[in-house]
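J.: Residue numbers (our numbering), protein chains in the order written: chain A, 1 to 250; chain B, 251 to 576; chain C, 577 to 791.
Just so you know, even glycine gets a beta-carbon here, dropped at the ideal spot from N, CA and C.
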Amino acid sequence: MSMVAVNQAEEPKAGSRWILPLIVVLLVAAVAGYIAGAELDSIESRALEASNIVEKTWQHVRLVLVSTAVVIALGVPLGIVLSRRWARFVRPPVLLVANAGQAVPSVGILVLLAIAVGVGFRMAVVALVAYALLPILRNTIVGLQQVDPAVIDAARGMGMSPARLLWKVELPLAVPVMLAGIRVALILNVGVATLATFTNAGGLGDLIEGGIATNRMPVLAVGCALTIALALLVDWLAGTAERALSPKGI
Amino acid sequence: MSDSVATESMIRLVEVTKRYPNTPADAVRPLSMEIRRGEFVVFVGPSGCGKTTMLRMINRLIEPTAGQIWIDGRDVTHTDPDELRRHIGYVIQQVGLMPHMSVARNISLVPEMLGWDKRRTAARVDELLDLVGLEPGTFRARYPKQLSGGQQQRVGVARALAADPPLMLMDEPFGAIDPIARDRLQDEFLALQERIRKTIVFVTHDIDEALKLGDRIAIFAEGSRLAQFDTPREILSRPADDFVRSFIGERAAIRLLSVVTVGEVAGRAPATDRPGEALSAQPEEPVSAVLDRMLTQNRQILEVGGKRVLAQDLLFASTGDRQDPA
Amino acid sequence: MDFFSYVSQHWERISFLGMQHLQLVLIAVLCAGVVSLGLVAATERLPRVRAALLSFTGTLLTIPSFALFALLIPVFGLGVLPTILALTVYAVFPIARNTVTGLEGVDPSVIDAARGMGMSATRRLFLVRLPLAWPVILNGFRVATIMVVATAAIGAAVNGPGLGELIFRGLSRIGGANALNEALSGVVAIAVVAAVLDLIFVAIGKLTTSKGLHV
Ligand SMILES: Nc1ncnc2c1ncn2[C@@H]1O[C@H](COP(=O)(O)OP(=O)(O)O)[C@@H](O)[C@H]1O
Ligand SMILES: [Mg+2]
Numbered sequence: 001m002s003m004v005a006v007n008q009a010e011e012p013k014a015g016s017r018w019i020l021p022l023i024v025v026l027l028v029a030a031v032a033g034y035i036a037g038a039e040l041d042s043i044e045s046r047a048l049e050a051s052n053i054v055e056k057t058w059q060h061v062r063l064v065l066v067s068t069a070v071v072i073a074l075g076v077p078l079g080i081v082l083s084r085r086w087a088r089f090v091r092p093p094v095l096l097v098a099n100a101g102q103a104v105p106s107v108g109i110l111v112l113l114a115i116a117v118g119v120g121f122r123m124a125v126v127a128l129v130a131y132a133l134l135p136i137l138r139n140t141i142v143g144l145q146q147v148d149p150a151v152i153d154a155a156r157g158m159g160m161s162p163a164r165l166l167w168k169v170e171l172p173l174a175v176p177v178m179l180a181g182i183r184v185a186l187i188l189n190v191g192v193a194t195l196a197t198f199t200n201a202g203g204l205g206d207l208i209e210g211g212i213a214t215n216r217m218p219v220l221a222v223g224c225a226l227t228i229a230l231a232l233l234v235d236w237l238a239g240t241a242e243r244a245l246s247p248k249g250i
Numbered sequence: 251m252s253d254s255v256a257t258e259s260m261i262r263l264v265e266v267t268k269r270y271p272n273t274p275a276d277a278v279r280p281l282s283m284e285i286r287r288g289e290f291v292v293f294v295g296p297s298g299c300g301k302t303t304m305l306r307m308i309n310r311l312i313e314p315t316a317g318q319i320w321i322d323g324r325d326v327t328h329t330d331p332d333e334l335r336r337h338i339g340y341v342i343q344q345v346g347l348m349p350h351m352s353v354a355r356n357i358s359l360v361p362e363m364l365g366w367d368k369r370r371t372a373a374r375v376d377e378l379l380d381l382v383g384l385e386p387g388t389f390r391a392r393y394p395k396q397l398s399g400g401q402q403q404r405v406g407v408a409r410a411l412a413a414d415p416p417l418m419l420m421d422e423p424f425g426a427i428d429p430i431a432r433d434r435l436q437d438e439f440l441a442l443q444e445r446i447r448k449t450i451v452f453v454t455h456d457i458d459e460a461l462k463l464g465d466r467i468a469i470f471a472e473g474s475r476l477a478q479f480d481t482p483r484e485i486l487s488r489p490a491d492d493f494v495r496s497f498i499g500e501r502a503a504i505r506l507l508s509v510v511t512v513g514e515v516a517g518r519a520p521a522t523d524r525p526g527e528a529l530s531a532q533p534e535e536p537v538s539a540v541l542d543r544m545l546t547q548n549r550q551i552l553e554v555g556g557k558r559v560l561a562q563d564l565l566f567a568s569t570g571d572r573q574d575p576a
Numbered sequence: 577m578d579f580f581s582y583v584s585q586h587w588e589r590i591s592f593l594g595m596q597h598l599q600l601v602l603i604a605v606l607c608a609g610v611v612s613l614g615l616v617a618a619t620e621r622l623p624r625v626r627a628a629l630l631s632f633t634g635t636l637l638t639i640p641s642f643a644l645f646a647l648l649i650p651v652f653g654l655g656v657l658p659t660i661l662a663l664t665v666y667a668v669f670p671i672a673r674n675t676v677t678g679l680e681g682v683d684p685s686v687i688d689a690a691r692g693m694g695m696s697a698t699r700r701l702f703l704v705r706l707p708l709a710w711p712v713i714l715n716g717f718r719v720a721t722i723m724v725v726a727t728a729a730i731g732a733a734v735n736g737p738g739l740g741e742l743i744f745r746g747l748s749r750i751g752g753a754n755a756l757n758e759a760l761s762g763v764v765a766i767a768v769v770a771a772v773l774d775l776i777f778v779a780i781g782k783l784t785t786s787k788g789l790h791v
């Protein structure tokens, strides 16, 4: 679930735009209804207590938010720097390394960090950031490079300074591609954060892993349903933000 | 004399040279020329002869390897290039409108950088849209994507004129536009230039466009050799060398007919006393247009400034001073 | 013990799991290839259905892999089957999308010329459209494969086969002597499998793409 989408913002029909949030609502309602109605043993009812579910969900969201914020703060400026003309010799090797990093399984990074450095929230954030850096970096660079050279020539020809050119022309025109990269990073982070359970960083993966370990399918199913609901919700929010924030006219 | 201002030099190139790094030869060989204020100069020549490079050195989008460039009495090779460019209009073939900005925003960019206030800028935008033949109410808020190629280039011209720069650099501005629209844009642009009297350096590879637009034409040969720099009629009637002769191509004498006016030619032609109905024309009309009317209206005699001239005499007087060994 | 001596000592197990991993990936990509090409062929004349299917398979890709693997446990139990199934689901979108992009990207004037000389639809497909779209389609397979190689590691969390086992075993022995070496050998081996497959795809691309498209 990664590297495919550089520019995945296919324009959905006005009607189908509401399918995703509808599915999310249905999933959550089904989970709530199921928990309320099902006969649960003590392990199951402890795992599926409302307070526990809210806590796991919040842990998950926090992992995603913090790591995405960090990865944007790192990836966008780095991408801008790498897209400059004077960085053209550094660019290919960096992209090569970043691309190769994509062949490394996310769970691998998480586990290696856990064994070598330690477990917990911070290390999970480090792993998520490492894994989500590539789409942001690459889309920032691609977004800036695909700006029509004629537009840049015209802007320079009218006397725009390099800083003004970057802020007023290059970045706004790169925004759609950059946002697509951020969306991919967000989705990656939701996915990898599910694995944070293996390194004691919590999240909805706890429910799934707990369900497997104790052989309690209701717990597993609730964990899966909520994870999927969260992923769809994040994807939908990101897609909506992408459309809203892209400049008009392009 | 009243035209002392008009003959003052606007651009002076002194031994301007460009050699791109890691290339075997100069893209522009040492070039010197002077362009007068209000003059419309066209650089024409085959592809790759260095026209674009030359033009872009004037606003320092390309730094010359050697030589000096004087604009308005100032050596600009050591000034702040951004400041310089804000006072020079620049139009390119691909137009390069900012796709994320409305037409009005595109035109406002330079005034904004020069610190104009909003009201003055807005008024200027409307004035310029009018000037280039686009109705402000309709086009102000459009995005470039919503315009045809010809409309985009009109906006491109308006944008270049925004801060009323005395000098315009244009690199094949009509090159990507279909022939019919191009012809109209050329006509309109000539009419516009009549009103605004900018100094214009215009690049094209199309000799017909050059002959139609330029007050003076600089013909470059391969390797950026300046083969001839003169008025259209001098070039047509006295091509400097074989390169120029082959570049202006066949039918130079016919082309000359659209460059000379009946007023001057009729002066050289003998008067006729043959009877018959004459076609009358204004002295400043080009010979080709008048001949066309004579042919379609089946008149053999032209009357201009009170003198009656036979069509055949008019023809030979038009092209008679053409020197073409062969 | 340093990493290299660890690897040489456990070479047999690592290479066994590596082969397993490779098989897993190839089976999943093959299934996904059949499914995607079938979907594209079936929707040749149904552009709206095709768009809906693409967007649906694209959405499946956003589902966290651990959740998808786990979700299949209640249905198929632990082990090989849910792993292959989940990987197939992920591989469908890149292949289907690139096939569509590739076919739609063929210059219409070329197709027009082919019709103009009287080629039947089948002939056009096999002589013109597929050869021209092939590099893009192949790249879809490549992207899907590399992605699946990495994702397959998570299969071990549901007792699936493959190199993921090394990573999770390393994790379970955290603090133990060879925990890091074991997990690292899994990660490195997965990267190697990915690199080898990538090279194979480059070679296939070179061999099967018309020379006229290389220039
Ligand atoms: N950035 C560059 N680097 C190296 N050579 C260039 C560059 N730009 C142009 N040239 C070369 O300089 C010559 C003149 O180019 P140009 O000014 O674009 O010609 P024209 O506009 O007359 O077609 C050509 O031979 C071209 O290949
Ligand atoms: Mg040029």
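1) Is it the case that the Cβ atoms of A:Ala103 and C:Ala726 are separated by a distance below 9 angstroms?
2) Suppose only complete runs of 3+ residues qualify. What are the beta strand (DSSP E) ranges in the stretch 694-764 of chain C, listed by chain order?
3) Near ligand 1, which residues have their beta-carbon less than 5 angstroms from any of its heavy atoms, given in chain order?
4) Got a sec? Which residues, its chain only, sit under 8 angstroms from B:Arg447 by beta carbon, not counting five neighbours each side?
5) Buried or exposed: A:Met160, going by 16 or more other Cβ atoms within 10 Å of its Cβ?
6) Thinking C-alpha only, which one of C:Ala729, C:Val682 and C:Val610 is nearest C:Leu703?
7) Quick one, which of B:Arg310, B:Val294 and B:Leu529 has its alpha-carbon nearest B:Val266's?
8) What are the residues of the stretch 117-139 of chain A that lie near chain C, defined by any Cβ-Cβ distance shorter than 7 angstroms?
9) So the beta strand (DSSP E) B:Phe479 belongs to, where does it begin and stop?
10) Which bits of chain A does C:Val778 rub up against, with CB to CB less than 9 angstroms?
11) Can you find a heavy atom of ligand 3 that lies under 8 angstroms from the Cβ of A:Asp153?
12) Anyone know if the C-beta pair for C:Gly738 and C:Leu600 falls short of 9 angstroms?
13) Assuming C:Ala733 contacts C:Phe645 under a Cβ cut-off of 8 angstroms, what Cβ separation, rounded to an integer in Å, is found between them?
14) Straight-line CA distance for B:Asn548 to B:Ile430?
15) For chain A, is any of its Cβ atoms less than 9 angstroms away from the one on B:Lys301?
16) Over the uninterrupted beta strand (DSSP E) stretch that includes B:Tyr601, give me the two end residues.
17) If you count every other CB in all the chains shown that lies within 10 Å of the CB of A:Asn318, and 16 or more means buried, which is it?
18) Is the beta carbon of A:Ile152 closer than 9 angstroms to that of A:Arg178?
19) In its own chain, which residues sit with a C-beta less than 6 angstroms from the C-beta of B:Phe424, not counting the 5 before and 5 after it?
20) Should C:Glu588 go down as buried or exposed, given a rule of 16 or more other Cβ atoms within 10 Å for buried?
21) Residues in the same chain with beta-carbon distance under 7 angstroms from B:Asp268, minus the five sequence neighbours each way, listed in chain order, please.
22) Roughly how many angstroms lie between the CA atoms of B:Phe290 and B:Asp367, to the nearest whole one?
23) Under a CB-based cut-off of 9 angstroms, is A:Lys248 close to chain B?
24) Can you tell me whether C:Ser612 is buried or exposed? The criterion is at least 16 other CB atoms within 10 Å of its CB, across all chains shown.
25) Using a cut-off of 8 angstroms between C-beta atoms, extract the partners of B:Lys368 located in chain A.
26) Run down chain B in chain order and give the residues with a C-beta less than 8 angstroms from the C-beta of A:Ser252.
27) Ignoring anything shorter than 4 residues, give me the alpha helix (DSSP H) runs that lie fully in the stretch 65-140 of chain A, in order along the chain.
28) Three-state secondary structure (DSSP) at B:Lys268?
29) Please classify B:Phe293: is it buried, with 16 or more other beta-carbons within 10 angstroms of its beta-carbon, or exposed?
30) According to DSSP, is B:Ala468 part of a helix, a strand, or is it coil?
31) For ligand 2, any of its heavy atoms closer than 8 angstroms to the Cβ of B:Glu422?
32) Listed in chain order, which residues of the stretch 649-673 of chain C have Cβ atoms closer than 9 angstroms to some Cβ of chain A?
33) What do you get for B:Phe439, buried or exposed, if any count of 16 or more other CB atoms within 10 angstroms of its CB means buried?
34) According to DSSP, is B:Leu565 helix, strand or coil?
T.: According to the structure shown:
1) yes
2) none
3) A distance filter of 5 angstroms between CB atoms and the heavy atoms of ligand 1 selects the following residues in sequence order: B:Tyr270, B:Ala277, B:Ser297, B:Gly298, B:Cys299, B:Gly300, B:Lys301, B:Thr302 and B:Thr303.
4) Non-local C-beta neighbours of B:Arg447 in its own chain, meaning closer than 8 angstroms and more than five positions away in sequence, comprise Gly288, ordered along the chain.
5) buried
6) C:Val682
7) Answer by Cα proximity: B:Arg310.
8) none
9) Arg475 to Asp480
10) The contacting residues do not exist; C:Val778 stays about 14 angstroms from chain A at best.
11) The model on display carries ligand 1 and ligand 2 but not ligand 3.
12) In this structure, C:Gly738 lies near C:Leu600, with their beta-carbon atoms less than 9 angstroms apart.
13) 7 angstroms
14) 28 angstroms
15) no
16) Residue 601 of chain B is absent from the model: chain B starts at 251 and stops at 576.
17) With chain A covering only 1 through 250, there is no way to say anything about residue 318 of chain A.
18) In the sequence as displayed, the identity of residue 178 of chain A is Met instead of Arg. In this structure, A:Ile152 does not lie closer than 9 angstroms to A:Met178 by Cβ.
19) Arg432 and Leu435
20) With fewer than 16 other Cβ atoms within 10 Å, it is exposed.
21) With the sequence shown as reference, residue 268 of chain B is identified as Lys, and Asp is not the correct amino acid for it. Apart from sequence neighbours up to five positions away, the residues of its chain that approach B:Lys268 with a beta-carbon distance below 7 angstroms are Asp276, Ala277, Val278, Thr303, Met307, Ile312, Pro314 and Thr315, ordered along the chain.
22) 31 angstroms
23) yes
24) buried
25) None at all; the shortest Cβ gap to chain A is about 17 angstroms.
26) The question about residue 252 of chain A has no answer, for chain A in this structure spans 1 to 250.
27) Listed in chain order, they are 91-101 and 106-116.
28) strand
29) buried
30) strand
31) Yes.
32) Ile649, Pro650, Leu654, Tyr666, Phe669, Pro670 and Arg673
33) buried
34) DSSP places B:Leu565 in helix when its eight states are reduced to three.
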